Amino acid sequence: NGLDFPGALTRVRDKMQASPGMQFYSEFVSGHSILVYLGLLSVPLSWWILYRTRFGLRLRAVGEAPEAVDTAGVSVVRLRYTAVIICGILCGIAGAYLSTAVQAGFTKDMTANRGFIALAALIFAKWRPWYALGACLLFGMFFAIDNRFQNIQLQVIWIMVLLIGSAVAMTFYALRRDKIDVMVLGGLSAVLAAIALVTWFGTASGEGISIVAALWETVKVPSQLIQSLPYLFVVIVLAGFVGKAIPPRAGGQPYVKER
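FYI, the numbering for the sequence shown is -6 to 252, going by this note's numbering.
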């Protein structure tokens, strides 16, 4: 009997497709738009330009001490306009990705406030490229949960643990912050606790069972709650990290050359 090469190749292919590495590759690595890979490559490129080139040094200096750059004989206005143009190009590429890869075309409000989430990711990353990548992946995880898990069903007790646990953690964290953070995080904690209690007692009332038995009932997590996860996380990040993240000293400030 000769060796059946087509059959052997088929078995090898099936084993490779069933392997965890190939599943990870097919689910997370392959099948994306080329703009996704370019965006990932832009992170090490941005880090190298900002921290390993003369242009990057001057660009960071323009944000911190533009008067020092001007004293060195470098045009502050030219550097800032260059940075704005580069930023505009990157934002245009992001818009092209939204209108071609995420959606079928350009529609009104297609960004869904992702610009504010990008700003929160920038603050969370403290203006560092590699940290920004991690922050964007973290926010993207919540969008992935929204896209993939629309019909999540959990026992009421686990919903209570997640919501009330998060509320307690945010409350203790807010007590060590200033008054604004206490108001924002405290209010959000109260909302989460209220949702947990409404779910608990609403299940008991709707099913006609005791509140103890309601803890073990399985309910569908509202899709609106899942869709709000990225924006809730933005509020938590902005309330908890704005004070810690120090922006460039001269960022957003017009520079008037001394005469």
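Every residue gets a Cβ at the ideal spot worked out from N, C-alpha and C, and that includes glycine.
Given the structure is predicted, the values throughout are model-derived calculations rather than measurements.
In the displayed model, Gln148 falls within a strand according to three-state DSSP. DSSP places Thr75 in the uninterrupted alpha helix (DSSP H) bounded by 69 to 90. Using a Cβ distance threshold of 8 Å, Gln148 and Lys213 do not count as a contacting pair. Ranking Phe136, Leu38, Arg73 by CA distance to the CA of Ala105 puts Phe136 first. In this structure, Ala58 is the residue among Arg47, Ala58, Gly98 with its C-alpha nearest to the C-alpha of Gly245. In the DSSP assignment, Val62 falls within the alpha helix (DSSP H) that extends over 59 to 64. When Cβ pairs closer than 8 Å are counted between the two stretches, the segment 73 to 93 is seen to touch the segment 27 to 47, the count reaching three or more. Collapsing the DSSP output to three states places Val212 in a strand. Distance from the Cα of Ser216 is smallest, within the candidate group Leu50, Arg73, Ala61, Ile138, for Ile138.
For Leu72 against Val55, the beta-carbon gap comes to about 5 Å, under 8 Å, which counts as contact. Going by beta carbons, Ala113 and Cys129 fall outside the 8 Å limit. Taking C-alpha positions only, Gly199 is separated from Val154 by approximately 21 Å. One alpha carbon belongs to Lys250, the other to Trp41, and they sit about 30 Å apart.
By the criterion of a C-beta distance shorter than 8 Å, Ile188 is surrounded in its chain by Leu156, Leu218, once the five residues flanking it on both sides are discounted.
In this structure, the straight-line span from the alpha carbon of Ile110 to that of Arg47 is close to 31 Å. Non-local beta-carbon contacts of Gln96 in its own chain, meaning distances under 6 Å to residues more than five positions away in sequence, involve Met103 in chain order. Rounded to the nearest angstrom, the gap between the Cα atoms of Val227 and Phe132 is 8 Å.
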